[in-house]
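Everything on this sheet refers to the single structure shown next.
2 protein chains.
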Amino acid sequence: MSPRRYAIIGTGALGGFYGCRLAAGGVEVHFLLHRDYEHVRRHGLLLESRDGDVRLPRPNAYARAVDMPPCDVALLAVKATANDRLAELLGPVMAGGGDVLVCQNGLGAEEIVAGVVGPERVMAALCFLCSHKVGPGHIRHLDYGYVTLADYDPAGRARGVTERMRAVAADFERAGVGVELAGDLVEARWKKLVWNVPFNALTALLEADTGELMADPRAAALAEAVMREIAAGAAALGKTIDEAFIQRMLDQTRKMIPYRPSMALDRRAGRAMEIEAILGNPLRAAAAAGCAMPRVEALYRQLGFLAARPAGR
Amino acid sequence: MSPRRYAIIGTGALGGFYGCRLAAGGVEVHFLLHRDYEHVRRHGLLLESRDGDVRLPRPNAYARAVDMPPCDVALLAVKATANDRLAELLGPVMAGGGDVLVCQNGLGAEEIVAGVVGPERVMAALCFLCSHKVGPGHIRHLDYGYVTLADYDPAGRARGVTERMRAVAADFERAGVGVELAGDLVEARWKKLVWNVPFNALTALLEADTGELMADPRAAALAEAVMREIAAGAAALGKTIDEAFIQRMLDQTRKMIPYRPSMALDRRAGRAMEIEAILGNPLRAAAAAGCAMPRVEALYRQLGFLAARPAGR
Numbered sequence: 001m002s003p004r005r006y007a008i009i010g011t012g013a014l015g016g017f018y019g020c021r022l023a024a025g026g027v028e029v030h031f032l033l034h035r036d037y038e039h040v041r042r043h044g045l046l047l048e049s050r051d052g053d054v055r056l057p058r059p060n061a062y063a064r065a066v067d068m069p070p071c072d073v074a075l076l077a078v079k080a081t082a083n084d085r086l087a088e089l090l091g092p093v094m095a096g097g098g099d100v101l102v103c104q105n106g107l108g109a110e111e112i113v114a115g116v117v118g119p120e121r122v123m124a125a126l127c128f129l130c131s132h133k134v135g136p137g138h139i140r141h142l143d144y145g146y147v148t149l150a151d152y153d154p155a156g157r158a159r160g161v162t163e164r165m166r167a168v169a170a171d172f173e174r175a176g177v178g179v180e181l182a183g184d185l186v187e188a189r190w191k192k193l194v195w196n197v198p199f200n201a202l203t204a205l206l207e208a209d210t211g212e213l214m215a216d217p218r219a220a221a222l223a224e225a226v227m228r229e230i231a232a233g234a235a236a237l238g239k240t241i242d243e244a245f246i247q248r249m250l251d252q253t254r255k256m257i258p259y260r261p262s263m264a265l266d267r268r269a270g271r272a273m274e275i276e277a278i279l280g281n282p283l284r285a286a287a288a289a290g291c292a293m294p295r296v297e298a299l300y301r302q303l304g305f306l307a308a309r310p311a312g313r
Numbered sequence: 001m002s003p004r005r006y007a008i009i010g011t012g013a014l015g016g017f018y019g020c021r022l023a024a025g026g027v028e029v030h031f032l033l034h035r036d037y038e039h040v041r042r043h044g045l046l047l048e049s050r051d052g053d054v055r056l057p058r059p060n061a062y063a064r065a066v067d068m069p070p071c072d073v074a075l076l077a078v079k080a081t082a083n084d085r086l087a088e089l090l091g092p093v094m095a096g097g098g099d100v101l102v103c104q105n106g107l108g109a110e111e112i113v114a115g116v117v118g119p120e121r122v123m124a125a126l127c128f129l130c131s132h133k134v135g136p137g138h139i140r141h142l143d144y145g146y147v148t149l150a151d152y153d154p155a156g157r158a159r160g161v162t163e164r165m166r167a168v169a170a171d172f173e174r175a176g177v178g179v180e181l182a183g184d185l186v187e188a189r190w191k192k193l194v195w196n197v198p199f200n201a202l203t204a205l206l207e208a209d210t211g212e213l214m215a216d217p218r219a220a221a222l223a224e225a226v227m228r229e230i231a232a233g234a235a236a237l238g239k240t241i242d243e244a245f246i247q248r249m250l251d252q253t254r255k256m257i258p259y260r261p262s263m264a265l266d267r268r269a270g271r272a273m274e275i276e277a278i279l280g281n282p283l284r285a286a287a288a289a290g291c292a293m294p295r296v297e298a299l300y301r302q303l304g305f306l307a308a309r310p311a312g313r
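These protein sequence lines are chains L and S, in that order. The first sequence runs contiguously to residue 313 in the working numbering. The second sequence runs contiguously to residue 313 in the working numbering.
What follows is the structure in structure tokens.
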């Protein structure tokens, strides 16, 4: 059993998946819930997965962050659109020290977390996961699930593989989660954007799943062109993303179970979309380095228009 | 009364508007209809307009092109998506000579018409018109209505202002339609694209009208960036579209009665959209001249995806 105690800050499709896996792997896990709290307190958590279901009949569940015990590692798994509340959400579990593992998509979350707990206590987990919440306390795992761990540096430098990355990796691996260790967080984040920007934006804008997009030569060509713009943005920041990586991402997406990432589901449900984290912050970072990403910008502005439109349209 | 006899090939929102105006101005006009033929034969044509309504109780109406008499000028006002039928549609009215006035949006129609009647018989009318068909034989005019006339040259050269342009202009002006004479058709077409590309594409993709787009800073910025790409495409072809023109188009759109151009209405109704004429052909013409238009390309591919998707999605 791991000597480390974990907090799941946000028990949704992502936090619920990794929290259930870690608990089933023998880790002490504390779950912060919101709307599902009453249901989970009575009926527990259920993860349905092709890698084996996990039922936690009596998880450590909390409706308020302030009721949670101090933890060694906090998985930050709320949506980036809730990042104005991080002091309130992270303060109690991080009161005794410990590290925050930022599990959000896009760019910019580490900087905000660093402002709350200090930059030396920030790590990141880039989650390659297809999962949905299908009901209260009920997560369905569809595909993938591995994570890339990396350590944060406020100046954007490569930190290499650190001891605490290995410790967290050991806990994830015991829980059956594949782990890759990345020495350069900025590079890892931009590699993740190669997938997240086109497929979050296009599934949301076109109300389609990844399978429909990849089956259409026009949409697939647009996704690929957007991937190349992200690679050019990374290059402007001194990070190399080569053509083989882009082709691998396209290939994986073709083979993936047809999927609607969070932005598509958020649009459909009328919830806030992570437009700034996934598109706006990368656009600004690339522009500051002298690189325009016109296709990304076009998608960003379309999404901004849709997000600002009154619901029900 | 004009000595010239006109044919309206396609009596929709555009052909119906100009045909009714010309007929009310004393011109002999022959209307080709499709679905509305029976209704118009019984009840006539009605144009509602803030410039004065026009009722034609007994217009010269035809269900088949082959029944129409030879005419001096044929307004080509079917959608560009019907251009594979131009020999059938234009042949009878053009059998005795006469000129085709291409009233379609986008690029590429003149070349197809030239293949049917010969390049020396092709002219173009660029129509700045906001109108809808609201029922069978019933057109509602919302805003604008002036045309830019230009003469076609198969090599894309500026033909200057020709005698036949002045003759057609006189007929339109007598009918109360404002006319501008353009010496350079290619330049005039690209100027028209400055408006047509962003506002057809974005109203269709975002299911919004021009007023909603211009009221949103993100959508308005995207429209403006697309306009600049079109100006760059025109520049690659040796045609100058200056910043003042772009600002005038934006300003006119802001002041315009909120409008959904044909592509938005076609998407909503599940009809074929003029994607190739308005976006695909300009993209290919600019690319052949060495100019990429990445935002236009992104919109083009999104529209292509939507058009290929089974109806009802």
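Note that beta-carbon positions come from the ideal geometry of N, C-alpha and C, so glycine has one too. The structure presented is a predicted model; accordingly, all values stated were derived computationally and were not measured.
Check: CB of L306/L to nearest heavy atom of the ligand HEM: below 7 angstroms?
Finding: Looking for the ligand HEM in the displayed structure turns up nothing, as the structure carries no ligands at all.
Note to self: If you measure between the beta carbons of A65/L and Q104/L, is that distance less than 8 angstroms?
What the structure shows: Mapped onto the first sequence, residue 65/L falls at position 65. Mapped onto the first sequence, residue 104/L falls at position 104. Taking 8 angstroms as the Cβ cut-off, A65/L and Q104/L do not qualify as a contacting pair.
Checklist line | Short Cβ contact (8 angstroms threshold) for H141/S with F305/S | finding: Numbered from 1 along the second sequence, position 141 holds the residue referred to as residue 141/S. Numbered from 1 along the second sequence, position 305 holds the residue referred to as residue 305/S. No. Outside cutoff.
Check: Apart from the five residues just before and just after A269/S, which ones in its own chain have a Cβ nearer than 7 angstroms to its Cβ?
Finding: Residue 269/S sits at position 269 when you count from the first residue of the second sequence. For A269/S, where only same-chain residues beyond five positions count, there are no Cβ hits under 7 angstroms.
Next item on the list: Give a yes or no on whether the minimum CB-CB distance between L279/S and chain L is below 8 angstroms.
Entry: The sequence position of residue 279/S within the second sequence is 279, counting from 1. Put simply, the CB of L279/S is far from chain L, with every gap to its CB atoms at 8 angstroms or more.
Check: Just by C-beta distance, which residues in the stretch 265-295 of chain S are closer than 7 angstroms to chain L?
Finding: Within the stretch 265-295 of chain S, the residues whose Cβ lies closer than 7 angstroms to some Cβ of chain L are P294, R295, listed in chain order.
Item checked: First through last residue of the beta strand (DSSP E) which encompasses V60/S -> Locating residue 60/S in the second sequence gives position 60, where the first residue counts as 1. This sequence places Asn at residue 60/S; Val is not what is there. Taken as a continuous stretch (DSSP letters only), the beta strand (DSSP E) holding N60/S covers 60-62.
Note to self: For a contact defined as C-beta to C-beta under 7 angstroms, what are the partners of D216/S on chain L?
What the structure shows: One-based indexing of the second sequence puts residue 216/S at position 216. Chain-order list of chain L residues neighbouring D216/S: F305, A308, by C-beta distance under 7 angstroms.
Notebook entry, point to check: Taking Cβ positions only, does L206/S come closer than 8 angstroms to chain L?
Noted result: Start at 1 with the first residue of the second sequence, and residue 206/S comes out as number 206. Answer yes: the Cβ-Cβ gap between L206/S and chain L drops below 8 angstroms somewhere.
Check: Along chain L, in chain order, which residues have C-beta atoms closer than 7 angstroms to that of R301/S?
Finding: As a first step, residue 301/S must be located in the second sequence, where it is residue number 301. Those within 7 angstroms of R301/S in chain L are R218, A219, A221, L222.
Check: Can you tell which of A272/S, G280/S, V296/S has its C-alpha closest to the C-alpha of R308/S?
Finding: As a working mapping, residue 308/S is identified with position 308 in the second sequence. Going by the sequence as given, residue 308/S is Ala instead of Arg. Out of A272/S, G280/S, V296/S, A272/S has the C-alpha closest to the C-alpha of A308/S.
Note to self: Between which residues of its own chain and P24/L is the CB-CB distance below 7 angstroms, once the five residues before and five after are set aside?
What the structure shows: Within the first sequence, residue 24/L is the residue found at index 24, counting from 1. Note that residue 24/L corresponds to Ala in the displayed sequence, not to Pro. These residues qualify, in order along the chain: V54, A175.
Checklist line | Segment limits, beta strand (DSSP E) that includes L237/L | finding: The residue you call residue 237/L lines up with position 237 of the first sequence. Neither: L237/L is in no beta strand (DSSP E) and is coded neither H nor E.
Notebook entry, point to check: Would you say A298/S reaches chain L, if we count a Cβ-Cβ gap shorter than 8 angstroms as a contact?
Noted result: What you label residue 298/S is simply residue 298 of the second sequence in a count that begins at 1. So, interface residue.
Check: Mind checking whether A169/S and T148/S have CB atoms under 8 angstroms apart?
Finding: Here the question's residue 169/S lines up with position 169 in the second sequence. Here the question's residue 148/S lines up with position 148 in the second sequence. 8 angstroms or more divides the Cβ of A169/S from the Cβ of T148/S.
Item checked: Pair within 8 angstroms by beta-carbon distance, A109/L and L76/L -> Residue 109/L sits at position 109 when you count from the first residue of the first sequence. Residue 76/L sits at position 76 when you count from the first residue of the first sequence. It is a contact, given that the beta carbons lie within the stated cut-off.
Margin query: Quick check on the DSSP output: what are the complete alpha helix (DSSP H) runs of length 4 or more inside the stretch 116-204 of chain S, in order along the chain?
Written below: When DSSP assignments are scanned along the stretch 116-204 of chain S, the uninterrupted stretches of alpha helix (DSSP H) that are 4 or more residues long and fall wholly within it turn out to be 163-174.
Note to self: As a quick exercise: from L86/S, L32/S, V27/S, pick the residue whose alpha carbon is nearest that of G12/S.
What the structure shows: Reading the second sequence from its first residue, position 12 is the one you call residue 12/S. Here the closest residue by C-alpha is L32/S.
Notebook entry, point to check: Would you say L303/S and Q302/L are within 8 angstroms of each other, going by their C-beta atoms?
Noted result: For the purposes of this step, residue 303/S is taken as residue 303 along the second sequence, with counting starting at 1. For the purposes of this step, residue 302/L is taken as residue 302 along the first sequence, with counting starting at 1. A distance of 8 angstroms or more separates the beta carbons of L303/S and Q302/L.
Notebook entry, point to check: Among C71/L, M94/L, P294/L, which one has its Cα closest to the Cα of R4/L?
Noted result: In the first sequence, counting from the first residue as 1, residue 4/L sits at position 4. The residue with the shortest Cα to Cα distance from R4/L is C71/L.
Check: Alpha carbon to alpha carbon, how far is A188/S from A82/S?
Finding: Here residue 188/S refers to the residue found at position 188 when the second sequence is read from its first residue. Here residue 82/S refers to the residue found at position 82 when the second sequence is read from its first residue. Each residue's alpha carbon lies about 23 angstroms from the other.
Next item on the list: Pull up the distance between the alpha-carbon of R159/S and that of P282/S, whole angstroms please.
Entry: Residue 159/S sits at position 159 when you count from the first residue of the second sequence. Residue 282/S sits at position 282 when you count from the first residue of the second sequence. Approximately 21 angstroms between the Cα atoms of the pair.
Note to self: Tell me which residues share the same chain as R41/L and place their Cβ nearer than 6 angstroms to its Cβ, disregarding the 5 neighbours each side in the sequence.
What the structure shows: Locating residue 41/L in the first sequence gives position 41, counting from the first residue. Excluding residues within five positions, the ones whose Cβ falls inside 6 angstroms are A61.
Note to self: Please tell me whether P261/S and F199/S are closer than 8 angstroms, where the distance is taken between their beta carbons.
What the structure shows: The residue you call residue 261/S lines up with position 261 of the second sequence. The residue you call residue 199/S lines up with position 199 of the second sequence. The answer is yes: Cβ separation under 8 angstroms.
Next item on the list: Compute the Euclidean distance between the alpha carbons of A324/L and L22/S, then round it to the nearest angstrom.
Entry: In the structure as shown, chain L begins at 1 and stops at 313. Residue 324/L is therefore absent and cannot be evaluated.
Checklist line | Nearest-angstrom Cα separation, counted from K239/S out to Y300/S | finding: Translated into positions along the second sequence, residue 300/S becomes position 300. Translated into positions along the second sequence, residue 239/S becomes position 239. So the alpha carbons of these two residues sit roughly 23 angstroms apart.
Notebook entry, point to check: Nearest to V2/L by CA position, among V73/L, L129/L, G118/L, is which residue?
Noted result: Residue 2/L sits at position 2 when you count from the first residue of the first sequence. At residue 2/L the sequence reads Ser, which differs from the Val that was named. Of the listed residues, the one whose Cα sits closest to S2/L is V73/L.
Notebook entry, point to check: Should R284/S go down as buried or exposed, given a rule of 16 or more other Cβ atoms within 10 Å for buried?
Noted result: Residue mapping note: residue 284/S aligns to position 284 of the second sequence, counting from 1. By the Cβ neighbour-count rule, R284/S is exposed, with fewer than 16 other Cβ atoms within 10 Å of its own.
Notebook entry, point to check: Between F245/L, M256/L, D67/L, which lies nearest to A320/L when the distance is taken from Cα to Cα?
Noted result: An answer regarding residue 320/L cannot be provided, because it is not within the stretch 1 to 313 covered by chain L.
Item checked: Strand pairing of Y6/S, partner residues [DSSP] -> Here residue 6/S is taken as the residue at index 6 of the second sequence, counted from 1. Y6/S pairs with V29/S, V73/S.
Note to self: Counting only C-beta atoms, is E276/S closer than 8 angstroms to chain A at any point?
What the structure shows: Chain labels in this structure do not include chain A; the protein chains are L and S.
Item checked: 8 angstroms contact criterion, which H43/L and G137/L should meet: CB distance rounded -> Locating residue 43/L in the first sequence gives position 43, counting from the first residue. Locating residue 137/L in the first sequence gives position 137, counting from the first residue. Contact between H43/L and G137/L holds: their C-beta atoms lie close to 6 angstroms from each other, under 8 angstroms.
Check: So what does D36/L bridge to, in DSSP terms?
Finding: For the purposes of this step, residue 36/L is taken as residue 36 along the first sequence, with counting starting at 1. Per DSSP, none; premise fails for D36/L.
Notebook entry, point to check: So which of P59/L, A287/L, H30/L has the shortest CA-CA distance to L90/L?
Noted result: Here residue 90/L corresponds to residue number 90 of the first sequence, with the count starting at 1. Nearest C-alpha to L90/L: H30/L.
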